[in-house]
Each structure stands twice: as structure tokens, then as C-alpha cells.
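Asker: Each residue of the sequence shown is one higher than the one before, counting from 612 in this note's numbering.
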Amino acid sequence: MKKKMDRITSFSVDHTKLKKGIYLSRKDGDLYTWDIRMTEPNNEPALDPKAAHTIEHIGATLLRNSNFKNKIIYFGPMGCMTGFYLITRDLDMLATVPIIMDMMKKIAEWNEDIPGAKMEECGNYTYMDLPKAKEAADTFVNAPLEFEYHYL
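This is the structure:
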């Protein structure tokens with residue numbers, strides 16, 4: 612007999628009502644998983660995968676060089692290409708939102724080489740698009756954002 616699997620939290624969010632924003636997806640002890648939703652699912656085009664890859668490289672570098680570097684566990688894109696997950700240790704909403712917004716502002720203004728974009732450093736190092744990454748980050752920074760999920 613097949614065991615029925617529990618629905619994971621992210622599939623319990625009503626994606627027809629989900630807007631651009633920063634959401635606390637889950638809290639596990641001192642670990643916080645943040646949903647950084649850069650496009651409205653099923654309503655706006657998903658992120659360009661090359662732009663998302665670029666945002667991942669720059670964003671991870673910025674976060675791991677910030678004053679909060681010891682609280683950053685993970686930063687990476689969602690499979691649906693509508694945003695990113697950030698996992699932090701002991702950083703609540705009041706601490707995390709400014710960190711994310713600062714990171715996105717810096718990405719929107721980035722005029723340096725993309726970190727980790729060499730053959731020795733990345734498994735798909737040519738799969739980058741800095742202009743589209745900057746545009747996506749700028750759009751996010753200047754958009755009205757939401758901070759609370761609507762659940763099914």
C-alpha cells in the first residue's frame with residue numbers, strides 16, 4: 612500500500628494570489644527559509660534562467676561577504692524560476708528584508724565581473740546574463756512587495 616505523502620508548505624501557498632515579495636516560508640529551530648518572489652507566478656514571465664544564474668552568483672557572493680555572513684546558510688533559485696530561496700540562521704523578518712533589498716540594489720547596479728564565472732569555478736560558467744540580472748533586480752527593488760502568504 613502506498614503511503615500518502617504530506618503536502619509541503621510551499622505547495623500549500625495559493626500561487627494564484629502570490630505577488631512579488633519576501634515571505635517567511637518556514638522556520639525550523641533557528642533556521643529561517645525565505646521565499647524571495649521576484650515575479651508573480653503564472654501571471655508574469657518567469658526569470659530568465661541565465662539571469663537567475665547570474666543573480667545567484669552575485670547574490671551568494673554579496674551575502675557571504677556581508678556583516679551577516681555567519682548567518683547565511685544558502686541562497687539559490689527556485690526551480691520554477693519565479694524567485695530565490697534564502698536560508699538564514701537567527702535572522703527574523705526585520706533583519707532579513709533590509710539584507711535582501713540591499714543585495715538586490717547592489718545587483719541592479721553591478722558593474723564588475725560576475726563572481727565565479729570562470730571555467731574552473733562553475734559547471735556552466737558561460738550561462739550568464741548580467742544585463743537581464745540587473746533588470747530583474749531593479750524591477751524587484753522598485754516594485755511594491757508583499758510579506759504574507761495566502762494559503763490554500
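Quick reminder that beta carbons are idealized off the backbone N, C-alpha and C, glycines included.
(1) Just confirm the distance between the C-beta atoms of L766 and F679, as a whole number of angstroms; I'd bet it's less than 8 Å.
(2) Determine whether the beta carbon atoms of M649 and K631 lie at a separation below 8 Å.
(3) So, are the CB atoms of Y762 and Y634 less than 8 Å apart?
(4) Ignoring anything shorter than 4 residues, give me the alpha helix (DSSP H) runs that lie fully in the stretch 706 to 754, in order along the chain.
(5) Could you give the distance in angstroms between the alpha-carbon of P742 and the alpha-carbon of I725?
(6) With which residues is D639 paired in a DSSP beta bridge?
(7) In the DSSP assignment, what residue or residues form a beta bridge with I647?
(8) Run through DSSP, which three-state label would P660 get?
(9) Under a three-way DSSP split, which group does G687 fall into?
(10) Just the C-alpha distance for A657 and D625, rounded to the nearest angstrom, thanks.
(11) Got a sec: is the Cβ-Cβ distance from M712 to anything in chain C below 8 Å?
(12) Below 8 Å between beta carbons: does that hold for V669 and I718?
(13) As a quick exercise: from M612, F751, K638 and T699, pick the residue whose alpha carbon is nearest that of T620.
(14) Give me whichever residues DSSP pairs with R700 in a beta bridge.
(15) Roughly how many angstroms lie between the CA atoms of K674 and I683, to the nearest whole one?
Answerer: Here's the rundown:
(1) Residue 766 cannot be examined here, being either before or after the span of the chain that is shown, 612 to 763.
(2) Yes, Cβ-Cβ distance for M649 and K631 is below 8 Å.
(3) Contact: no.
(4) Listed in chain order, they are 741 to 752.
(5) C-alpha of P742 to C-alpha of I725: approximately 11 Å in a straight line.
(6) In the DSSP assignment, D639 is bridged to L642.
(7) Bridge pairing for I647: I633 and F695 [DSSP].
(8) Three-state DSSP puts P660 in a helix.
(9) Correct three-state label for G687: strand.
(10) Rounded to whole angstroms, the gap between the alpha carbons of A657 and D625 is 17 Å.
(11) In the displayed structure, chain C is absent; only one protein chain is listed.
(12) With the sequence shown as reference, residue 669 is identified as Ile, and Val is not the correct amino acid for it. The Cβ-Cβ distance between I669 and I718 falls below 8 Å.
(13) For the options M612, F751, K638 and T699, the alpha carbon positioned closest to that of T620 is the one of K638.
(14) R700 pairs with L642.
(15) Residue identity check: residue 674 is Leu in the sequence provided, not Lys. Cα to Cα, L674 sits roughly 7 Å from I683.
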